[in-house]
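Note sheet for the following structure.
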């Protein structure tokens, strides 16, 4: 059977090499994927789709346009929703003529901009089904799609259906169907052996631990797993068994105290933690440690994983080489771009796409030239853009720059209320106001009012609509740049006059930095795991990921690795102190810890309660390591303890005898006042601008963690999506 697979596979590969027609190649890729043999042609599919993406495509067939859209989107290649505009009338709605082409709608991919397409196609497909106008196999495919669209189906189940339908498709390839059937049977034999072995493992696990409360765990993992990665399958399943056993322990058997003990043992992740557990959980915990050790050993010695890692390393080298070339191309743009508006847009795009650290010198020269040059534009967007860019970089621009958009009464003219892009630029620029600039306060109020109306009335198109919505929540100068970068990378290609090579560079740079950050996150997690286990303080928050994220917000660039790790560790150590003062220590113990920190010497350990001695010892050791790693004139000052438990809002309420709403309003006014002070510092101390920018980053991070009356540091699930976007999910290239 293996020989037959190889022969059939070669015949399909020949089709890839000889087929020059774009539509035929798309249908070939689609059939291969739906028949479940995509794993046999990964390289061929990737090359084919890259060619299709790069080639001009002028088809007027809805089926072909939708097929291209879905295949490319599924493989991370951008296709604009505007692709379907050719099937719409002057009113922006889909034309009725396409209602007679049922097969097209199966391929519409779900995203917000295409909600109308989904609604339109669903309506007509349902009508066709009810009237019985569809023939097999199309009728069955429509029925399944209405229940669950193709991009959201479980692929192997869909493959079973399609294996029985493909032979009835017009233009089907007989030997491709033969290959799919043979491959399915071969893999089924592999999976059946695995299922038998893993079932025996699950039964032995239940009998070993005598866990009468454990559910039966004989389900094959719900992912597509080919025979070549059966080790991964076994590991995944064993992990699933362990998770199920633990879940049943927490949910249906253990007491609250036993749950806490099991959680503490898992946090410590060491054989010595067995003594913490009740008798019935000790065998399970030992099995958990042993299994994960086996998983680690198998990954280490398995050649497939080493090969995959080597490919990843080579891929990263290629990415770095590509990024270097693109950097050179962008530097050339700076040299050849003589138009002031084009230069401003280039600088703004570079900042917005998160690659400003690659072009510091070029940006500085460009802004110096822009500041010194005469500027007479009558475009609100351009005037506001110049104002924001220059003020952000410490160049003085007077607020009367916007007087040309005001009437004789000193108020903004109503004509600019119909310029949403200009209003958004004005709104963002005006937030760089300093103390004593009522003109910019008026600009913010005017722009906010009209942008809110436009947003509520849904008159804005993407990406401007999304940008306005974000700005109304948090103006651009006050956003966390890396999160904004992720949003803007999805939007930039829709901007008029976008520069494709700049977007390519931004994506590559983000992914390269993400790889560095992920390594650091792993290293600091291991440091924290050792520290947490050594100190044995069960009351402290386990927030090392949040702490690293906070540090990353201030120092994300590659060259700040030491500072990033230093600040993350500092945040972790201060968090322990904060939790000690706020949630555990008595007043006397707080005084003892404070005295020890003031003395800052090993001899002070004797004055501390026993449970704090290990923490204090580690505090001294870590700061000594910090000092050893920096030069004598760069030593960081030691931080002082928090000292108070109540929040700033609670303090103001108690001191002034006011409600929480009044207190929040006062705090917000103080925050607004401090933003103006920060903006003023940019202008008065330009030589200190790099340091001021770090302060801005820190201020922004406070907003991300504590805005909207939430505490995302303590309740880390509020940041889960952001953390995954920054450190786990690479940007599609």
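In full-length UniProt numbering, the protein residues as written are 1 to 733.
Yeah, the Cβ is synthetic: ideal placement off N, Cα and C, and Gly gets one too.
Query: Where residue 135 sits in the DSSP three-state scheme; Result: coil
Query: Extent of the continuous alpha helix (DSSP H) run through residue 563; Result: 561-579
Query: Exposure of residue 154, with buried meaning 16 or more beta-carbon neighbours within 10 Å; Result: exposed
Query: Buried or exposed by the 16-neighbour rule on C-beta atoms within 10 Å, applied to residue 587; Result: exposed
Query: Residue 541, enclosing alpha helix (DSSP H) - first and last residue; Result: Element bounds for residue 541: n/a, residue is neither H nor E.
Query: Rounded C-alpha distance that separates residue 725 from residue 519; Result: 15 angstroms
Query: Among 506, 478 and 96, nearest to residue 488 - alpha-carbon criterion; Result: 506
Query: Residue ranges of each beta strand (DSSP E) within the stretch 432-513, 3 or longer; Result: none
Query: Among 403, 363 and 500, the one whose alpha carbon lies nearest that of residue 54; Result: 500
Query: Residue 670 vs residue 681 beta-carbon contact at 9 angstroms; Result: no
Query: Per-residue burial, residue 433 [other beta carbons within 10 Å of its own, 16 or more giving buried]; Result: buried
Query: 8 angstroms contact criterion, which residue 542 and residue 267 should meet: CB distance rounded; Result: 7 angstroms
Query: Integer Cβ distance of residue 430 from residue 416, believed to fall under 8 angstroms; Result: Contact flag wrong, Cβ pair sits at about 13 angstroms.
Query: Cβ pair count under 8 angstroms reaching 3, the stretch 534-553 against the stretch 568-586; Result: yes
Query: Counted within 10 angstroms of its Cβ, other Cβ atoms place residue 71 as buried (16 or more) or exposed; Result: buried
Query: Residue 590: first and last residue of the uninterrupted alpha helix (DSSP H) it sits in; Result: 587-599
Query: Cβ pair residue 175, residue 40 closer than 9 angstroms; Result: no
Query: Residue 731 vs residue 549 beta-carbon contact at 9 angstroms; Result: no
Query: Cβ-Cβ separation, residue 428 to residue 477 (assumed contact under 8 angstroms), whole Å; Result: 6 angstroms
Query: DSSP three-state assignment for residue 41, whether helix, strand or coil; Result: coil
Query: Whether residue 390 touches residue 397 by CB criterion (9 angstroms); Result: yes
Query: Paired residues, beta bridge with residue 94 - DSSP; Result: 88
Query: Alpha-carbon spacing of residue 659 relative to residue 690, whole angstroms; Result: 40 angstroms
Query: Boundaries (first-last residue) of the alpha helix (DSSP H) holding residue 66; Result: 62-74
Query: Residues that DSSP places opposite residue 406 in a beta bridge; Result: 412
Query: Best match in 38, 568 and 404 for proximity to residue 183 [C-alpha to C-alpha]; Result: 38
Query: Beta-carbon proximity of residue 492 to residue 517, cut-off 9 angstroms; Result: no
Query: Assigned secondary structure, residue 285 (DSSP; H/G/I helix, E/B strand, else coil); Result: helix
Query: Delimiting residues of the alpha helix (DSSP H) encompassing residue 36; Result: From DSSP, residue 36 is part of no alpha helix (DSSP H); its letter is neither H nor E.
Query: Simplified DSSP assignment, three categories, for residue 217; Result: Residue placement at residue 217 cannot be trusted, given a pLDDT of 38 that sits under 50; what the coordinates show is reported in the next sentence. Looking at residue 217 - three-state DSSP - the assignment turns out to be coil, as it is neither helix nor strand.
Query: C-alpha gap between residue 146 and residue 353, whole angstroms; Result: 38 angstroms
Query: Three-state secondary structure (DSSP) of residue 726; Result: helix
Query: Start and end residues, alpha helix (DSSP H) containing residue 55; Result: Neither: residue 55 is in no alpha helix (DSSP H) and is coded neither H nor E.
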